[in-house]
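In my numbering, the protein residues as written are 1 to 506.
Written out below as structure tokens is the structure these notes cover.
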Amino acid sequence: MAPESLQSDPLLPSIQEISWAVSVLSDTVNLSRALPFISPSLKSLEIIVSSYNSTDDDNICQFFDTLAGLAELDLETFKLERFDLEAPVLRHLSSFLTHHRNIKSLAISSYSYFQPRSTQPLLFSNLPNGVQDLKVNVEFYANSDYTALVQAISQRLPSLRAFSSVLISLGSWDLASFADLSPFLQFSNLEELTLWVSKEIYFNKRDIYTLGRALPKMARLNLRRHYTLLPALGMPASSLIDLAKSLPNLQFLCIHITYIDIPLPTSSTNDETHINPFNPATLRLLDVGDSSLTEEEVPCIAGLLGMLCLHPLFEIQYSEMNNDGFGSADAWEKAEALVKATRVRCLNHDHVPSDIRKDSAQSLLLEELPTLVAPRRFKNEPLLPNVQTISWTAVTDIAYLPRVLPFISPSLKFLTLYVIGKVSEQNGDAVRQCFDGLTVFPKLDLESFKLNRPGMGARFMEQLLPFLEHQQDLKVLEISSEPFLDPGYGNSTLGWNSMTGAKSKL
Numbered sequence: 001m002a003p004e005s006l007q008s009d010p011l012l013p014s015i016q017e018i019s020w021a022v023s024v025l026s027d028t029v030n031l032s033r034a035l036p037f038i039s040p041s042l043k044s045l046e047i048i049v050s051s052y053n054s055t056d057d058d059n060i061c062q063f064f065d066t067l068a069g070l071a072e073l074d075l076e077t078f079k080l081e082r083f084d085l086e087a088p089v090l091r092h093l094s095s096f097l098t099h100h101r102n103i104k105s106l107a108i109s110s111y112s113y114f115q116p117r118s119t120q121p122l123l124f125s126n127l128p129n130g131v132q133d134l135k136v137n138v139e140f141y142a143n144s145d146y147t148a149l150v151q152a153i154s155q156r157l158p159s160l161r162a163f164s165s166v167l168i169s170l171g172s173w174d175l176a177s178f179a180d181l182s183p184f185l186q187f188s189n190l191e192e193l194t195l196w197v198s199k200e201i202y203f204n205k206r207d208i209y210t211l212g213r214a215l216p217k218m219a220r221l222n223l224r225r226h227y228t229l230l231p232a233l234g235m236p237a238s239s240l241i242d243l244a245k246s247l248p249n250l251q252f253l254c255i256h257i258t259y260i261d262i263p264l265p266t267s268s269t270n271d272e273t274h275i276n277p278f279n280p281a282t283l284r285l286l287d288v289g290d291s292s293l294t295e296e297e298v299p300c301i302a303g304l305l306g307m308l309c310l311h312p313l314f315e316i317q318y319s320e321m322n323n324d325g326f327g328s329a330d331a332w333e334k335a336e337a338l339v340k341a342t343r344v345r346c347l348n349h350d351h352v353p354s355d356i357r358k359d360s361a362q363s364l365l366l367e368e369l370p371t372l373v374a375p376r377r378f379k380n381e382p383l384l385p386n387v388q389t390i391s392w393t394a395v396t397d398i399a400y401l402p403r404v405l406p407f408i409s410p411s412l413k414f415l416t417l418y419v420i421g422k423v424s425e426q427n428g429d430a431v432r433q434c435f436d437g438l439t440v441f442p443k444l445d446l447e448s449f450k451l452n453r454p455g456m457g458a459r460f461m462e463q464l465l466p467f468l469e470h471q472q473d474l475k476v477l478e479i480s481s482e483p484f485l486d487p488g489y490g491n492s493t494l495g496w497n498s499m500t501g502a503k504s505k506l
């Protein structure tokens, strides 16, 4: 059969992305109504079929056959969401995939397969070889089924970079150890691995080093339990040291910390105890789920994370499900605050790599640091010459405002100052010093400036306006106060009119 052609005059000739949802029972005939919108420019297509009536299969199959025959269509992303995938649908889907070999991102989501032992091999054997990002469920009855299916995917997709899968056991066997994850070690180019499993899987030091040798490019390691979505990768706190050595480029890690095994080494010239941190520009988010943490353990875990996790915007994500006294979100929140305090205070220490100051740091978050002291600078050079975003979210005393100046650089585009301390006669000079320093800073062209402080009066506004009048490229301006702006600031609002393009929020 000769390939069909797209409409000579599609309704949306420049469309690049379509998401088409069918949610009404027996309404899948409406899938064909998406065809007039499809043009040669289309690169991303998402089909969502929420109904689960098997009589809809004919309409779905016909839609896939039509897409398969469109010669000019060259998709790069395809996503299918269907309650269940029965054999006829999978056969026609597989045929469609054989006609679209340039797909780079493929997601096939369903609650279950029909006859998984026969349909899954058919689907996996027809995956486009160039897929780099894959999301697909894997169902199995035994270890042999599971291993064969994952190996089939690895052999078909040698360049796979991101793999996300719900692993579902339909029999008595299920994953229970690191050894059961060995089929995934064949994906040598893998950078992101997201798996949903039914049991927690524990890693020891040997497992971590094996993982690092097999998947050296790993940037996101995300193992979660079915239904609860809590971390399924279990290990003691000290194993984070091994992870930093084996997978230094991790950007996201989901982990259940089984216990805080301390004391831990802090610094040493001995190679056996020296702590190698994650690369400064990488580990941004650590998801600890419902890991237990007591108040007594907070300084210990914060000290360890402060040495390992050097990203300027490092965060800890935690679940409030575990708030029973053995561990709580409050304790993890305190640990995160201590890590951030350590981060700023260590910016000028020798053991922190220089590229966190000179090359990598593009964002800086300061929070709850009333004792912040600006580090020494050589010939007044910016401490972070490539910083683009500075957010100081808890300025507890107006007198501390000038301490942000050493972090300012010509590359800065977004500046946020949230002042929670009150203005007094004693600290009024600090306000002038801060904004005078910003005003005279050479080549500072902000795109966004946000300021919140209690009770802005005429004096404060007079000190602020000269700085704002120099920011001609400002696009976002938010000035707010608690309570509202004092009514005595007179005609100072005339200064806003001199900033073309700014969207103000007063």
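The beta carbon of each residue, even a glycine, is placed where N, CA and C say it ideally should be.
Cβ pair residue i, residue j closer than 8 Å
| i | j | result |
| --- | --- | --- |
| Ala219 | Glu200 | no |
| Asn59 | Glu76 | no |
| Thr119 | Leu90 | yes |
| Val197 | Leu157 | no |
| Asn137 | Arg161 | no |
| Cys309 | Leu286 | yes |
| Leu412 | Val395 | no |
| Phe78 | Ser50 | no |
| Leu170 | Phe124 | no |
| Cys254 | Leu221 | yes |
| Thr438 | Leu474 | One detail in the question is off: residue 438 reads as Leu in this sequence, not Thr. Against a cut-off of 8 Å, the Cβ pair of Leu474 and Leu438 comes out as no contact. |
| Phe441 | Leu464 | no |
| Ser319 | Asp290 | yes |
| Pro236 | Phe278 | no |
| Asp207 | Ser238 | no |
| Ala331 | Leu305 | no |
| Leu11 | Ile47 | no |
| Leu175 | Phe184 | no |
| Phe187 | Ser144 | no |
Host beta strand (DSSP E) of residue i (start-end)
| i | result |
| --- | --- |
| Met218 | Per DSSP, Met218 belongs to no beta strand (DSSP E) and is neither H nor E. |
| Ala302 | Unbroken run through Ala302 is the alpha helix (DSSP H), Val298 to Leu308; no beta strand (DSSP E). |
| Asp287 | Leu285 to Gly289 |
| Ile168 | Ala162 to Ser169 |
| Thr194 | Glu192 to Val197 |
| Leu415 | Phe414 to Val419 |
Exposure label - residue i; buried when at least 16 CB within 10 Å
| i | result |
| --- | --- |
| Thr98 | exposed |
| Tyr111 | exposed |
| Pro231 | buried |
| Glu296 | exposed |
| Lys443 | exposed |
For residue i, the three-state DSSP class (helix, strand or coil)
| i | result |
| --- | --- |
| His256 | strand |
| Pro231 | strand |
| Gln317 | strand |
| Arg387 | Here residue 387 is Val; the residue named in the question, Arg, does not match the sequence. It is coil, neither helix nor strand. |
| Ile103 | coil |
| Trp20 | strand |
| Tyr400 | helix |
| Ser480 | strand |
Range of the contiguous alpha helix (DSSP H) that encloses residue i
| i | result |
| --- | --- |
| Phe63 | Asp57 to Ala68 |
| Phe96 | Ala87 to Thr98 |
| Asn143 | Asn143 to Arg156 |
| Asp445 | Per DSSP, Asp445 belongs to no alpha helix (DSSP H) and is neither H nor E. |
| Lys135 | Note, Lys135: premise wrong, no alpha helix (DSSP H); beta strand (DSSP E) at Asp133 to Val136. |
| Lys79 | Here Lys79 belongs to no alpha helix (DSSP H); instead the beta strand (DSSP E) covers Thr77 to Arg82. |
| Ala244 | Ser239 to Ser246 |
Alpha carbon of residue i to alpha carbon of residue j, nearest angstrom
| i | j | result |
| --- | --- | --- |
| Pro88 | Ser95 | 11 Å |
| Leu31 | Leu215 | 40 Å |
| Lys334 | Ser39 | 53 Å |
| Lys450 | Val431 | 15 Å |
| Thr228 | Leu167 | 15 Å |
| Val404 | Leu211 | 41 Å |
| Ala152 | Ser165 | 14 Å |
| Phe163 | Pro128 | 14 Å |
| Gln251 | His100 | 32 Å |
| Leu134 | Ile257 | 28 Å |
| Leu478 | Leu415 | Note that residue 478 is Glu in the sequence shown here, rather than Leu. Their backbone Cα atoms lie some 11 Å apart in a straight line. |
| Met461 | Leu468 | 10 Å |
| Pro241 | Tyr209 | The sequence given here places Ile at residue 241; Pro does not occur at that position. Their Cα atoms are separated by approximately 11 Å. |
| Asp57 | Phe63 | 10 Å |
| Phe484 | Val419 | Because the pLDDT of Phe484 is 36, which lies under 50, any placement of that residue in the model is unreliable, and the number read from its coordinates should be weighed accordingly. Roughly 14 Å between the two C-alpha positions. |
| Arg376 | Pro406 | Only weak support exists for where Arg376 lies, its pLDDT of 45 falling under 50; the value from the coordinates is given anyway. Arg376 and Pro406: Cα-Cα distance of roughly 9 Å. |
Beta carbon proximity, residue i to chain C, threshold 8 Å
| i | result |
| --- | --- |
| Ile408 | The chain inventory of the structure shown lacks chain C, comprising one protein chain alone. |
Residue i Cβ short of 7 Å to the ligand HEM heavy atom set
| i | result |
| --- | --- |
| Gln471 | Here there are no bound small molecules, and the ligand HEM is not part of this structure. |
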